[in-house]
Amino acid sequence: MKEHPLWKYLRPNALPHFFCPGCGAAQVLNFFLKAADETQLDFDNFVGIGGVGCAARIPVYMNIESLHGVHGRTIPWATGIKLHKPELKVVIFAGDGDATAIGGGHLIHACRRNLDVVMIVVNNLTFGMTGGQMAPTTPKNMKSATTPYGNAEEPFDICKLAETAGATYVARWTTDKPKKAKEAIKEALSHKGFSLVEIITQCPTNFGRRALSTGSGAQCVEWIKDNSVSLKKAQAMSSEDLESKFVLGTFVKKERPIFRGSSVC
Amino acid sequence: MSKNNKKLLSGTHFMLGNHAVVEGALAAGCDFFAGYPITPANEISQYMSERIPKTGGVFFQGEDELCSVYALSGASLAGAKAMTATASAGFNYMQEGIGYAVSSEIPMVIVDVMRCRGENYATQSDVMQFRWGASGDHEHIVLAPSSVQELFDYTLRAFNLAEKYRTPVFIMSETTISLMREKLVIPEEGGIEIVNRRKPDVPPEEFVPFQAPQDQAPPLPSFGDGYRILHSLNPHDEKGGIAWDPDVFEKLYHRITNKIHANYDDIVRVQDFDLDDADIALVAYGSESRPARAAARIARQKGIKVGVLKLDTVWPVPERHLEDLAKRVDKILAVEMNIGKYANEIDRVCGKHCDIGRVLKNRGEIHTTTEVLSAIEEAAK
């Protein structure tokens, strides 16, 4: 049997993966490895970081130097690594809860500092691993395990948050746009400075069943597709029409000095 | 601003305690510091922000204590000798990251300058937070300096122990000594012992990252050395793979705790003063050993056979030294600046062999010599 072209990047003793059937996080692993392969990423000088959550397992399945297992602290780890050994390429794989709930405080400061890391935010709009509780990204009025009458909170727009805080590369795509998502990761890998790629992903098990009344991955992707608009189209739309829509595209791409420490002489 | 770019400022100084911590760290090879402002530890980060960039290291002011302590993990795994400094309330926040460092066996040095809750007065009230603050299984190494000189010496030693045992090592500092100026002698280069972590002596394909004898830590390659290790908080097998198996879990945490227990002789240090013929022994640690020693000297002049056991290592508990002492004296007095926390440990180890008395003070002030002397005289009646 012919070996999968990306198999060489995986860590066999960590497999099989634990993603549910139809999960979008597994697709993000695929997008990343393709992007890494096509950009000939130097895996010996690479560190992959995951916190806690479904998406946090992505680096666990790759045969790389990796850190895993503490909720919300991916950016602090990355900061220590990059400040001590700037030549290492560091990529963070974080869920929306990891990145913007418990780790939200760190996110804005990494953007502000222009820490030279790539952060891929796998946004499934819920806390998937713990059973589908409301996240800071759960759309308003949507049902979740902790909002049985509909979410009473306003969700974050992660890309706007990153842009406002000072990130120098910001893009959003969906699992429905695999090539665009891969290309954005490639751009982020070659960008110098804080790069955030948000990928809206389906969680059929916990977001689909609770919020969309479907456990089908395909139907969840359809829902994401139906609620997505390109940046170009969005510019001609009213803010009312844009409510609860995922605007897709590259929002920021600029140069700014990267972070090298708080007291540099 | 400091014009000095030397890591080792050999010579005699009159120095602030918090600054001596910085010099001890730099002497040990510290090249990464992260911290968040908190009184009375601020002079450590402020002085470090001057000194460490000049010596080729990195200073990072995190957005909070969590960021700071996790930055140490990242930097240490990338090969740095890393330190942070905080005070009691900030130490609370760091406990999360300390648990992670224990689980993945990451060397680092953490200084906690103990203060009263919500105020900066003198106390030793964190002695149990050091021991039990982090969730999960762990054995910590905690050193308790009592002077500016010991702040330098013990900080240097803390780095060496952290590197040797791949674990966080703690300096239990206090408001008393951190903000005090005293004589400090920094040795010449030849007079300083530096320990560096062991690196693997086999190629990556043969290296088993979490495999070691039950009383040791495994070698630790740095990120970028090509070993491609997974460092997870989750229970992991010897290869580093996330694995839930009761046998694997038990073996992992037995080794992580036993590497401290089994090396008691290397880790635990005490100093004894006038204990050879003593009937009464004072047991003290940190700055409380100062009034204890002063009071014992006066009591001796008054004919009371009293001595002092000063615990340089507070955790692990110097059990063999304490038990040996308890068998030789009639009474032990635990001298402590809190509600009597470590006194319980002394009672646990010594209580079956001799009487235990408690000399406690929990009002933001160190014991005076007179107060300790009165307690000795009372005990000698």
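Residue numbers (my numbering), protein chains in the order written: chain L, 1 to 265; chain W, 1001 to 1381.
Don't be surprised by glycine CBs; every beta carbon is placed ideally from N, CA and C.
These numbers come from a predicted model, not from an experiment.
With residue i and residue j assumed to form a contact (beta carbons below 8 Å), what rounded beta-carbon distance in angstroms separates them?
i, j, result
"A996(W)", "T1012(W)", "The structure shown does not extend to residue 996(W), since chain W spans only 1001 to 1381, so no value can be given for it."
"L1325(W)", "L1311(W)", "Not really, about 11 Å apart at Cβ, beyond 8 Å."
"M1114(W)", "S1103(W)", "Not quite, the Cβ-Cβ distance comes to about 25 Å (not below 8 Å), so this is no contact."
"D37(L)", "L67(L)", "D37(L) to L67(L), Cβ: 22 Å. No contact."
"M129(L)", "C54(L)", "5 Å"
"V1021(W)", "I1260(W)", "That pair is no contact at about 23 Å."
"E286(L)", "Y169(L)", "Any question about residue 286(L) goes unanswered here, given that chain L covers just 1 to 265."
"E1119(W)", "G1364(W)", "7 Å"
"H106(L)", "E1096(W)", "With a Cβ gap of about 13 Å, H106(L) and E1096(W) do not count as contacting."
"I1304(W)", "A1380(W)", "5 Å"
For residue i, which residues does DSSP report across the bridge?
i, result
"V1012(W)", "With the sequence shown as reference, residue 1012(W) is identified as Thr, and Val is not the correct amino acid for it. According to DSSP, which records beta bridges pairwise, T1012(W) is partnered with V1185(W)."
"P1168(W)", "M1108(W)"
"A94(L)", "V121(L)"
"G48(L)", "S66(L), V91(L)"
"W1315(W)", "V1142(W)"
"L1179(W)", "Paired residue(s): none; L1179(W) is not in a bridge."
"K253(L)", "Y169(L)"
"L10(L)", "M62(L)"
"V1308(W)", "F1273(W), L1282(W)"
"V197(L)", "I120(L), A171(L)"
"M1114(W)", "E1174(W)"
"L1230(W)", "S66(L)"
"H17(L)", "Bridge partners of H17(L): none, in fact."
If you check the beta carbons only, do residue i and residue j fall under 7 Å apart?
i, j, result
"M1048(W)", "V1069(W)", "no"
"A1295(W)", "L1179(W)", "no"
"S1222(W)", "A1078(W)", "yes"
"I1280(W)", "V1306(W)", "yes"
"P1204(W)", "G1240(W)", "no"
"R209(L)", "G215(L)", "yes"
"T1039(W)", "K1007(W)", "no"
"F1059(W)", "G261(L)", "yes"
"T126(L)", "C23(L)", "no"
"D176(L)", "I102(L)", "no"
"A234(L)", "V247(L)", "yes"
"N1160(W)", "D1215(W)", "no"
"I1366(W)", "S1289(W)", "no"
"N45(L)", "G1224(W)", "yes"
"T1155(W)", "G1024(W)", "yes"
"E198(L)", "N123(L)", "yes"
"G80(L)", "G1357(W)", "no"
"F93(L)", "I64(L)", "no"
"V1416(W)", "L1282(W)", "The displayed coordinates of chain W run from 1001 to 1381. Any statement about residue 1416(W) would go beyond what the structure contains."
"S263(L)", "P1053(W)", "yes"
"E1238(W)", "Q1211(W)", "yes"
"D96(L)", "T147(L)", "no"
"A1134(W)", "G1090(W)", "no"
"G193(L)", "R256(L)", "yes"
"H84(L)", "F1032(W)", "yes"
"P1213(W)", "I1229(W)", "no"
"I1141(W)", "V1111(W)", "no"
"E1105(W)", "A1217(W)", "yes"
Take the Cβ of residue i as the centre, count every other Cβ of all protein chains shown within 10 Å, and call the residue buried at 16 or more, exposed below.
i, result
"N141(L)", "exposed"
"W1132(W)", "exposed"
"R1157(W)", "buried"
"W1244(W)", "exposed"
"S213(L)", "exposed"
"A1028(W)", "buried"
"I58(L)", "buried"
"M1108(W)", "buried"
"I1359(W)", "The sequence as given places Val at residue 1359(W); Ile does not occur at that position. Buried, by the Cβ-count rule."
"A236(L)", "exposed"
"I1256(W)", "buried"
"K82(L)", "buried"
"K8(L)", "exposed"
"P1318(W)", "buried"
"D1201(W)", "exposed"
"H1254(W)", "exposed"
"P139(L)", "buried"
"V1314(W)", "buried"
Item to check | Secondary structure, beta strand (DSSP E): runs of 3+ residues fully inside the stretch 125–189 of chain L | outcome: 169–174
Next on the checklist: Going residue by residue through the stretch 1239–1303 of chain W, where are the continuous alpha helix (DSSP H) segments of at least 4 residues, counting only ones entirely within it?
Outcome noted: 1246–1261, 1264–1267, 1289–1301
Next on the checklist: I'd like the ranges of any alpha helix (DSSP H) spanning at least 4 consecutive residues and lying wholly in the stretch 1025–1080 of chain W.
Outcome noted: 1042–1054, 1065–1077
Checklist entry - Which full runs of the beta strand (DSSP E) of 3+ residues lie inside the stretch 1324–1368 of chain W, going along the chain? => result 1331–1336, 1355–1360
Checklist entry - Can you list, in chain order, the stretches of the alpha helix (DSSP H) that have 4 or more residues and sit fully within the stretch 1082–1106 of chain W? => result 1088–1103
Item to check | Ranges of the beta strand (DSSP E) found wholly within the stretch 208–256 of chain L, counting only runs of at least 3 | outcome: 228–230, 246–253
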